[in-house]
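Sequence order for the protein chains is A and W. Per the numbering used here, the very first residue in the first sequence carries number 1; after that it's consecutive. Per the numbering used here, the very first residue in the second sequence carries number 397; after that it's consecutive. Heads up, the beta-carbon is just placed ideally off N, CA and C, and yes, glycines get one too. Treat the numbers as computed from the prediction; the structure is a model and nothing was measured. Written below as structure tokens is the structure these notes are about.
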Amino acid sequence: MNVHAKNPSNDDDMEYLSDVLKDVNLAKGLPNRHYVDPATFEIEKKHVLFANWSGIGFGKDIPEHGDANPIDFLGMPLVAVRDKDGSINVFQNTCRHRGMTLVQEKGKLRGTFRCPYHSWCYGLDGRLVTTPHVGGPGHNTHEDIKRDELGLIKIRSYVWRDVIFVNVSGDAPEFEVYAAEALERWKEYEQPFAHGGQVSSFKLAVKTNWKLAVENFCESYHLPWVHPGLNSYSRLEDHYHIEEKGKFSGQGTLVYKQLRGSDGQVFPDFENLSRQWDEGAEYITLYPNVLLGVQRDHCFAIVLEPKSIDETLEHIELYYTPKGASATDYEAMRNKNAELWKTVFEEDVFVVEGMQKGRKGEYFDGGKFSPAMDGPTHMFHHWVATQIEKGQKVDT
Amino acid sequence: MADRGLEDLLAVLESDMLLAYDRADSDALVRLYKRAAILKEQAGDIDAACFYFTHAYVFALEAGNAESEPLLGKLVQYGRDAYPANR
Numbered sequence: 001m002n003v004h005a006k007n008p009s010n011d012d013d014m015e016y017l018s019d020v021l022k023d024v025n026l027a028k029g030l031p032n033r034h035y036v037d038p039a040t041f042e043i044e045k046k047h048v049l050f051a052n053w054s055g056i057g058f059g060k061d062i063p064e065h066g067d068a069n070p071i072d073f074l075g076m077p078l079v080a081v082r083d084k085d086g087s088i089n090v091f092q093n094t095c096r097h098r099g100m101t102l103v104q105e106k107g108k109l110r111g112t113f114r115c116p117y118h119s120w121c122y123g124l125d126g127r128l129v130t131t132p133h134v135g136g137p138g139h140n141t142h143e144d145i146k147r148d149e150l151g152l153i154k155i156r157s158y159v160w161r162d163v164i165f166v167n168v169s170g171d172a173p174e175f176e177v178y179a180a181e182a183l184e185r186w187k188e189y190e191q192p193f194a195h196g197g198q199v200s201s202f203k204l205a206v207k208t209n210w211k212l213a214v215e216n217f218c219e220s221y222h223l224p225w226v227h228p229g230l231n232s233y234s235r236l237e238d239h240y241h242i243e244e245k246g247k248f249s250g251q252g253t254l255v256y257k258q259l260r261g262s263d264g265q266v267f268p269d270f271e272n273l274s275r276q277w278d279e280g281a282e283y284i285t286l287y288p289n290v291l292l293g294v295q296r297d298h299c300f301a302i303v304l305e306p307k308s309i310d311e312t313l314e315h316i317e318l319y320y321t322p323k324g325a326s327a328t329d330y331e332a333m334r335n336k337n338a339e340l341w342k343t344v345f346e347e348d349v350f351v352v353e354g355m356q357k358g359r360k361g362e363y364f365d366g367g368k369f370s371p372a373m374d375g376p377t378h379m380f381h382h383w384v385a386t387q388i389e390k391g392q393k394v395d396t
Numbered sequence: 397m398a399d400r401g402l403e404d405l406l407a408v409l410e411s412d413m414l415l416a417y418d419r420a421d422s423d424a425l426v427r428l429y430k431r432a433a434i435l436k437e438q439a440g441d442i443d444a445a446c447f448y449f450t451h452a453y454v455f456a457l458e459a460g461n462a463e464s465e466p467l468l469g470k471l472v473q474y475g476r477d478a479y480p481a482n483r
């Protein structure tokens with residue numbers, strides 16, 4: 001062992017990210033502190049996850065008017081609610097009066113939010129509707145309680161591919177601008193799709209930093225080693241990189257094979273797809289924490305919920321055409337497809353957990369990328385480093 | 397004696413309210429608080445009536461109960477609440 005190697009975790013130089021920002025052939029990966037240091041986790045929370053459009057949940061969990069789902073996003077209490085017109089609003093789940101949590105558990109609001117403490121009521125649009133006894137018993141107004149200034153704090157949100165994205169800081173570009181290239185790339189998939197039901201929804205609790213799940217998802221380099229079953233029909237050379245600098249990265253395959261049922265049936269295809277998708281499929285991470293996949297007959301969305309510096313909860317949801325999602329003819333296939341994906345994602349667990357443990361190595365320097373194979377992973381590191389530098393400049 | 401009768405009625409209503417709270421039955425709470433409010437209103441005790449009207453109104457709002465509109469009307473009539481600006 002080279003005991004004279006520099007210990008990168010002791011490097012407090014503000015320029016410590018400069019190696020990450022080099023071109024992939026010269027770059028190093030993000031240093032250990034981004035995986036093991038709680039203080040750096042807090043910096044990432046602010047400058048990476050709150051400053052951009054992060055996924056926090058799914059529209060399918062609140063399908064009807066009044067459905068409300070409280071979500072703890074990195075300690076911040078939020079609540080997503082379906083309004084009368086079908087739109088989804090996200091609010092800080094905190095009463096403007098005494099800071100009480102408004103919605104304690106998932107459920108249906110028949111009318112308004114009612115704070116369980118002093119019963120201040122808010123409409124599903126966040127408007128403060130009444131303030132009981134605020135001017136004394138039986139007096140519900142007071143000249144100093146200005147209801148139009150005391151609505152729930154609305155968090156910027158946007159729903160794409162059923163994922164509820166939020167920008168907590170409130171100053172990221174509009175989502176349509178932020179994700180413009182992804183929206184354009186997959187515009188053929190802007191058509192009706194539906195969740196495959198309970199079997200198509202699963203979670204994986206992984207002892208790893210959230211970024212390692214992104215990094216593993218972005219690259220195809222590991223496929224023949226970690227997913228030999230997958231690559232019996234999808235070889236390494238059948239994959240290509242997807243790299244949109246500063247936006248998203250991932251991988252595509254040229255040999256997607258549809259799942260077949262016991263009598264040879266396949267799921268119905270999404271409509272009017274171009275020939276590219278006959279055997280093509282793509283998998284991207286829309287930075288920071290949403291993993292997406294599209295295939296001709298089904299798609300998926302994964303929200304990575306960072307629970308702590310070294311714990312991540314992966315929320316995985318599978319979708320089909322409306323017919324593929326609901327017809328009983330496809331039930332057995334939906335079960336099998338969910339099982340297949342679950343196997344693939346579970347095969348990745350030892351890798352992302354192993355990389356997390358590896359980052360306790362005092363002399364690990366962020367790692368050396370393969371210029372040929374690790375481009376999408378480096379692109380993500382580069383983006384994270386850019387967000388940190390940008391945020392620190394604003395802070396100073 | 398009339399007051400005694402009123403208090404007895406209110407005691408029954410309040411007992412029913414506790415049962416409704418236990419069941420988290422917002423619609424029953426609307427009905428019971430409204431009845432209590434009307435009794436107090438008829439007795440000329442507007443402060444107490446508005447206390448009960450307020451509770452009926454809050455539970456009607458929470459439950460999406462159509463009673464919320466007339467209850468708000470009562471409270472506004474007595475100067476105890478306000479219509480929303482964009483109504």
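Ignoring anything shorter than 4 residues or poking outside the stretch 278-312 of chain A, list the alpha helix (DSSP H) runs there in chain order. none
Measure from the C-beta of A:C121 to each C-beta in chain B and report whether the shortest distance is under 7 Å. Among the chains of the structure shown, chain B does not appear; the protein chains present are A and W.
Drop a sphere of 10 angstroms on the beta-carbon of A:V290, count the other beta-carbons inside from all chains shown, and report buried for 16 or more, exposed for fewer. buried
When you check each C-beta in the stretch 137-154 of chain A against every C-beta of chain W, which residues fall closer than 9 Å? From the stretch 137-154 of chain A, only P137, G138, H139, N140, T141, R147, D148 have a Cβ closer than 9 Å to chain W.
Can you tell me where the beta strand (DSSP E) holding A:I164 begins and where it ends? For A:I164, the enclosing beta strand (DSSP E) covers residues 163-167.
Given this structure, state the Cα-to-Cα distance separating A:G99 from A:V159, to the nearest angstrom. In a straight line, the C-alpha of A:G99 is about 27 Å away from that of A:V159.
Would you call A:S308 buried or exposed, if buried means 16 or more other Cβ atoms sit within 10 Å of its Cβ? A residue is called buried when at least 16 other Cβ atoms come within 10 angstroms of its Cβ; A:S308 does not meet this threshold and is exposed.
Could you name the residues of chain A that W:A459 contacts, counting a contact when the two beta carbons are closer than 7 Å? R110, G111
Let me check you understand the geometry: is the CB of A:T386 closer than 6 Å to at least one non-hydrogen atom of the ligand NAD? Among the components modelled here there is no ligand, and therefore nothing to report on the ligand NAD.
Bounding residues of the beta strand (DSSP E) (the contiguous stretch that carries A:A68): 67-73
Give a yes or no on whether 7 Å exceeds the smallest Cβ distance from A:R114 to chain W. yes
Endpoints, the alpha helix (DSSP H) within which A:L78 is located: Careful: A:L78 lies outside any alpha helix (DSSP H), inside the beta strand (DSSP E) at 76-82.
Could you please give the first and the last residue of the uninterrupted beta strand (DSSP E) stretch that includes W:Y474? No beta strand (DSSP E) contains W:Y474, which DSSP labels as neither H nor E.
Mind checking which residues open and close the alpha helix (DSSP H) that includes A:H397? The structure shown does not extend to residue 397 of chain A, since chain A spans only 1 to 396, so no value can be given for it.
Going along chain A in order, which residues have a C-beta closer than 7 Å to the C-beta of W:R476? G138, H139, N140
Just to confirm, is the Cβ distance from A:K60 to A:F202 under 7 Å? Contact: no.
Interface residues of chain A around W:V426 at Cβ under 9 Å? Those within 9 Å of W:V426 in chain A number zero; the least Cβ separation is about 11 Å.
Please classify W:M397 as buried or exposed, where buried requires at least 16 other C-beta atoms within 10 Å of its C-beta. Confidence is the limiting factor: at W:M397 the pLDDT is only 44, short of 50, which leaves the residue's position unreliable and the question unanswerable from this model.
Compute the Euclidean distance between the alpha carbons of A:Y283 and A:T253, then round it to the nearest angstrom. Going by the C-alpha atoms only, they are around 9 Å apart.
Residue(s) in a DSSP beta bridge with A:F113: Per DSSP, A:Y122.
Which whole-angstrom value is the C-beta distance of A:D19 and A:G366, which I expect to be below 8 Å? 7 Å
Quick check: is the beta carbon of W:D443 nearer than 7 Å to any beta carbon in chain A? yes
Kindly say whether W:V408, judged by its beta-carbon, lies nearer than 7 Å to any beta-carbon of chain A. no
State the beta-bridge partners of A:L204 as determined by DSSP. A:E314
In chain order, what residues of the same chain have a beta carbon less than 7 Å from the beta carbon of A:L150, not counting five sequence neighbours either side? R96, L128
Given that a residue counts as buried once 16 or more other Cβ atoms are within 10 Å of its Cβ, and exposed if not, what is A:Q92? buried
For A:P132, would you say it is in contact with chain W, using Cβ-to-Cβ distances shorter than 7 Å as the test? Chain W, which has a Cβ nearer than 7 Å to the Cβ of A:P132, makes this yes.
Determine whether the Cβ of W:V472 lies closer than 7 Å to any Cβ atom of chain A. no
Three-state secondary structure assigned by DSSP to A:T131: coil
Measuring alpha carbon to alpha carbon, tell me which residue in A:R161, A:G324, A:Y320, A:A301 is nearest A:E314. A:A301
Let me know if A:N272 comes out buried or exposed under the rule of 16 or more other beta-carbons within 10 Å of its beta-carbon. With fewer than 16 other Cβ atoms within 10 Å, it is exposed.
Partner residues on chain W for A:V129, Cβ-Cβ distance less than 8 Å: L457, P480
Selected residue, minimal CA-CA separation from W:S411, among W:A432, W:A462, W:R400: W:A432
What did DSSP end up calling A:E244 once you bin it into helix, strand or coil? strand
Have a look at A:Q387 and A:V48 and give me their C-alpha separation to the nearest angstrom. 6 Å
contact_flag[the stretch 446-458 of chain W, the stretch 104-112 of chain A] where n(CB pairs < 8 Å) is 3 or more: The answer is yes - the stretch 104-112 of chain A touches the stretch 446-458 of chain W, with three or more Cβ pairs under 8 Å.
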